[in-house]
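Sequential numbering of the sequence shown, starting at 1, is according to the UniProt record's numbering.
First up is the structure itself, then whatever we jot down about it.
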Amino acid sequence: MKKHFYNLLEYIIKLESNIAFYPSLISLAGLLFAFFMYYLESWGVSKYLVENAPLLVINNIDTARDLLTTFIGGLISIMVFSFSLVMILLNQASSNFSPRLLPGLISNRRHQVILGIYNSTLLYCIFILVSITPHGDKYQLPGFSVLLAIVFMTVCLAAFIYFIHSISQQIQVGTIMDKIFDKASERLSALIDNEKSTEIEFPDTSDWKPVDCRKSGYFQDVSLNALAEFAQEKNVKIEIVQIKGTYILKGLPLLKYSGEALDDDAKDEVLDCFHFSKNELIEENYVLAFKQITEIAVKAMSPGINDPGTAINAIDYMTELFTLRMKKRDSSYLFDDDDDAFLSIKTVKFEDLLYSVMAALRTYCKHDVIVVQKLFMMLEFLLLHAETCDPNYKEKIIEEIRNLHQDAIANQKNDHDLSLIEHRMAKLKSSNTSDFTI
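Written out as structure tokens, the structure reads:
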């Protein structure tokens, strides 16, 4: 039962990233509140307020109808304009920066809440307008409900002003990279805090039994709580052999386990702990932040955009992320109550992560001596000043320094630029205090 609860909880968390999630909830709340006001009006709340606080009640039929009709038309216009701004933001982010940014922008909770406020107020006004019905020769006027509609419309106007301000900020590349960095650093810090300070000895898994993937897709996440409960229930140890964020084809091994062979029902149960999707979120996979910031830098250096300043800013953010990543081991484990590792999670190695980032940047930035110098500065900082949990990380950094030097020399023709690169390389060699030679 707990496993189903964990899986349901994971599904709800994923659902939050949908652009329609919060608008739907808030719209439903607005609809329910309209029916609640129906109930209060049936008990004569407006009549009571007319007798005791007449200033709070609108008691003119034509005024009430005109107000509600104007509110409905105005809200529809505001909603259309707001949705248009969201589409412009997504289109500009996709064309100027990277299509991978879209899921993160869509999942902006503040924008979802604002759109929900619009929709809930619209539904409220529609149902209050419908509630103005004739009773004999007179109309039943929900005066207090109309007053609340005025209040809600005022809130919508304030939300619209904030929405314009927020969109103007969200579309700036600096804001986008800052949010990517904050989410990734938070995720990395949490992973580092959960690591054990001692080295972990995990059994050899070469002869363990595999469980194959039964559908193709991007491995988005795994419900670790449900998987841990399964492992303890079946008394097995598990190794996840695929890296989160990779595209897995049907039939490839997804995990290995020790102990007796599992039946088909047990395999289905363990596979239900794995989630596949077409979208990725940084909150679940920090590697995506490196991909997104790298793509922003590469796109900035394309001939159509030609913005080396953005590329330099992106390198600054990646320097901090790599500094944080060097504090994390290349392996991740889950432990039982006796501090015994029973679950091994395959992660992207520092070597592979550094190479994938540097390979892209070297390919598209090697002709720009300013960006090349910035890359040298990043690698120099990681080599000489960054704290690391594994001394071998510095060997990989030195390899990337050599690769960058080779590409930079081959693509620069100006003598002064070449001398700057050689001077930077000589400075690195003289200040290198690691156990590896540049």
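Note that CB positions come from ideal geometry on N, CA and C, so glycine has one too.
All values reported here derive from a predicted model rather than from experimental measurement.
Exercise. What did DSSP end up calling Tyr139 once you bin it into helix, strand or coil?
Worked result: By 1-based counting over the sequence shown, the position of residue 139 is 139. At Tyr139 the pLDDT is 47, less than 50, meaning the model places this residue with poor confidence; the figure from the coordinates comes in the next sentence. Correct three-state label for Tyr139: strand.
Exercise. Using 8 Å as the threshold, is the stretch 146 to 162 in touch with the stretch 282 to 302, meaning 3 or more CB pairs across them?
Worked result: Too few Cβ pairs lie closer than 8 Å, so no.
Problem set entry | Length of the line joining the Cα atoms of Val222 and Gly73 | As a position in the sequence shown, residue 222 is number 222, starting the count at 1. As a position in the sequence shown, residue 73 is number 73, starting the count at 1. Their Cα atoms are separated by approximately 46 Å.
For this session: Pull up the distance between the alpha-carbon of Met326 and that of Leu148, whole angstroms please.
Result: To locate residue 326, count along the sequence shown from 1; it is residue 326. To locate residue 148, count along the sequence shown from 1; it is residue 148. If I take the Cα positions, the gap works out to 56 Å.
Exercise. What does DSSP give as the partner residues of Ile240 in its beta bridges?
Worked result: On the sequence shown, residue 240 is found 240 positions in, with the first residue counted as 1. Bridge partners of Ile240: Leu255 and Ile345.
Exercise. Since Val211 sits in a beta bridge, which residues does DSSP pair it with?
Worked result: In the sequence shown, residue 211 corresponds to position 211, counting from 1. Per DSSP, Leu255.
Exercise. Considering Asp62, what are the terminal residues of the alpha helix (DSSP H) in which it resides?
Worked result: On the sequence shown, position 62 is the one that residue 62 refers to. From DSSP, the alpha helix (DSSP H) with Asp62 extends over Ile61 to Asn96.
Exercise. Grouping DSSP H, G and I as helix and E and B as strand, with all else coil, what is Val113?
Worked result: For the purposes of this step, residue 113 is identified with residue 113 of the sequence shown, where counting begins at 1. If DSSP states are grouped into helix, strand and coil, Val113 belongs with the helices.
Exercise. Are the Cβ atoms of Pro308 and Asp368 separated by less than 7 Å?
Worked result: Here the question's residue 308 lines up with position 308 in the sequence shown. Here the question's residue 368 lines up with position 368 in the sequence shown. Closer than 7 Å, so yes.
Exercise. If we count the other Cβ atoms within 10 Å of its Cβ and call it buried at 16 or more, is Glu400 buried or exposed?
Worked result: Indexing the sequence shown from 1 puts residue 400 at position 400. Buried, because 16 or more other Cβ atoms sit within 10 Å of the Cβ of Glu400.
Problem set entry | Closest by C-alpha distance to His385, when choosing among Lys183, Thr319 and His423 | Position 385 of the sequence shown, counted from the first residue, corresponds to residue 385. Cα-wise, what sits closest to His385 is Thr319.
Exercise. Below 7 Å between beta carbons: does that hold for Ile398 and Phe436?
Worked result: Taking the first residue of the sequence shown as position 1, residue 398 is located at position 398. Taking the first residue of the sequence shown as position 1, residue 436 is located at position 436. Yes, these two residues count as a Cβ contact at 7 Å.
Problem set entry | Pick from Asp207, Lys291 and Phe230 that is closest to Gly245, judged by C-alpha positions | Mapped onto the sequence shown, residue 245 falls at position 245. Residue Lys291 holds the alpha-carbon nearest to the alpha-carbon of Gly245 among Asp207, Lys291 and Phe230.
For this session: Run the CB neighbour count on His405, radius 10 Å, all protein chains shown included, and call it buried at 16 or more, exposed below.
Result: By 1-based counting over the sequence shown, the position of residue 405 is 405. Of the residues assessed, His405 falls on the buried side of the cut-off, its CB having 16 or more other CB atoms within 10 angstroms.
Problem set entry | Bridge partner(s) assigned by DSSP for His275 | Residue mapping note: residue 275 aligns to position 275 of the sequence shown, counting from 1. In the DSSP secondary-structure assignment, His275 is bridged to Asp221.
Problem set entry | Pairwise C-alpha distance: Met377 and Glu395 | By one-based count along the sequence shown, residue 395 stands at place 395. By one-based count along the sequence shown, residue 377 stands at place 377. Straight-line Cα distance between these residues: approximately 17 Å.
Exercise. From this set, Leu115, Leu252 and Val236, which residue's C-alpha is nearest Ala266's C-alpha?
Worked result: One-based indexing of the sequence shown puts residue 266 at position 266. Among Leu115, Leu252 and Val236, the Cα nearest to that of Ala266 belongs to Val236.
For this session: Find the nearest neighbour of Asn194 within the set Met153, Asp339 and Pro391, judged by alpha-carbon distance.
Result: Locating residue 194 in the sequence shown gives position 194, counting from the first residue. Taking only the C-alpha atoms, the option nearest Asn194 is Asp339.
Problem set entry | Selection from Ala426, Val371 and Pro391 that minimises the alpha carbon distance to Ala311 | The count along the sequence shown starts at 1 and reaches residue 311 at position 311. The shortest Cα separation from Ala311 among Ala426, Val371 and Pro391 belongs to Val371.
For this session: Could you tell me whether the stretch 402 to 420 touches the stretch 330 to 347, using the rule of 3 or more Cβ pairs below 8 Å?
Result: As far as the Cβ criterion goes, the stretch 402 to 420 does not touch the stretch 330 to 347, which means the pair count is below three.
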